[in-house]
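Protein sequences, first through last, are from chains U and C. Heads up: the first sequence at position 13 corresponds to 502 in our numbering, and the numbers run straight through without jumps. Heads up: the second sequence at position 41 corresponds to 530 in our numbering, and the numbers run straight through without jumps.
Number of protein chains: 2
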Amino acid sequence: MNSLSTLAPATDEAGCAPAGTPALGAEEAKRKSLVFKALADPNRLRLLSIVKAEASGESCVCDLTGPLDLGQPTVSHHLKILVDAGLLHREKRGTWAYYSLVPGALERTAGILASL
Amino acid sequence: MNSLSTLAPATDEAGCAPAGTPALGAEEAKRKSLVFKALADPNRLRLLSIVKAEASGESCVCDLTGPLDLGQPTVSHHLKILVDAGLLHREKRGTWAYYSLVPGALERTAGILASL
DNA sequence: CATTAATATTGATGACCGTCAATATCGAGG
DNA sequence: CCTCGATATTGACGGTCATCAATATTAATG
C-alpha cells in the first residue's frame, strides 16, 4: 500500500506544461521531489541501470545483489523505494521477484525537469 | 572551491550513449547521483522553478526568500547546493547576488536519465 | 509436513540533511 | 571611517536515510 507513485499517469493537468508555469507550488514541489529522492542514491541508479540493460527487461533480486556490493536486505530496501517512486515494477513468480522498468517512467521524470 | 559540478561539460564520453552501456560503475553512479541529490528537495525545486520563470533570467536572493517560507540563511544554503551541483550560476554585482540557470544543465540532467 | 531457497521485514546504529539563530563578510553611502 | 543593507558562514539540533544482522514470510520440493 503506497502507490501515490509520484509519477502518476498524468491524471491532473496532463503533461502539457500549461504555458506560464507559475513557479511551482509547495505541494507540487514536494510531490515532484519524491522521484528525485529515489534517484539520489548511487546504488539505486545502478539498480535502474542494471534492470534497464537486461535484455529480457527484467531482473530478479539474486541478479542484483552481486554487482552492487550490498547485502540482500539492503537491495530489497532500495528496490522497494524505486517501486514506490513509480520507477520499477515488481512481479513475483514462484519464489523469485522480477523487477522491470515502468514504461515511460524515466521519460516522465525527465519531463519534470524540462517543465520546471 | 567545489566545482566538480557533476554536470561536467561532457568531458568524458560525450553524451552519445556508447551503445551497450555496461551497467553504470560505482564511481560514475556516485557522481551522477549528486545532481539528483540536489534536486531531491522541494524547496530547491521551487528555487529552480522561480529562477527559470524569471523573465530576466536571473533572481537575487531577496526575491527568493519571500516565496519560499524559509529564512535567508537557509535559502543561501540551498542556492549553494544548486550551484555546486552545476545547476545554477551565481554572479555577484554590488551587494546583490544574482542566480541564473546554467544553460543546458537541466537538459543534461534529463540526458542522464535517458541514458541510464 | 519438514526443509530449503528466495525475498521481505524489523530494529538498531551511525551518517547525513534541512532548518534556524547568531555572526561574519563585503560592498555602498554618508 | 563608520554604518547599513545584502548575503554568506558557523554551530547546533532534530529528523531522515543507508546499511546491516537477525528474523519472518512464502513457495517449491522431497
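Ideal Cβ placement from N, Cα and C applies to all residues, glycine included.
Worksheet item: Straight-line CA distance for T584 (chain U) to I539 (chain U)?
Response: 21 angstroms
Worksheet item: Hey, does S538 (chain U) have any beta-carbon neighbour from chain C nearer than 7 angstroms?
Response: yes
Worksheet item: Near H578 (chain C), which residues of its chain fall below 8 angstroms by C-beta distance, leaving aside the five closest residues on each side in sequence?
Response: Excluding sequence neighbours, H578 (chain C) sits near V572, Y588, S589, L590 and V591.
Worksheet item: From the beta carbon of D573 (chain U), is the nearest beta carbon of chain C less than 7 angstroms away?
Response: no
Worksheet entry | Close beta carbons around E580 (chain C), own chain, < 6 angstroms, minus the five adjacent residues each side | Closer than 6 angstroms at Cβ, skipping near neighbours: Y587.
Worksheet item: In the stretch 555-584 of chain U, which residue ranges form an unbroken beta strand (DSSP E) of at least 3 residues, counting only runs that do not cross its ends?
Response: Counting only runs of 3 or more, we get 577-582.
Item to complete: State the beta-bridge partners of E596 (chain C) as determined by DSSP.
Response: None; E596 (chain C) has no bridge partner.
Practice prompt. Flag this pair as yes or no: are the beta carbons of H567 (chain C) and R533 (chain C) separated by less than 7 angstroms?
Written response: yes
Fill in: Range of the contiguous alpha helix (DSSP H) that encloses S538 (chain C)
Start and end: P531 to A542.
Practice prompt. Starting from the Cα of K541 (chain U), find the closest Cα among U:S522, U:A594 and U:G514 and give me that residue.
Written response: U:A594
Worksheet item: So, helix, strand or coil for A512 (chain C), using DSSP?
Response: coil
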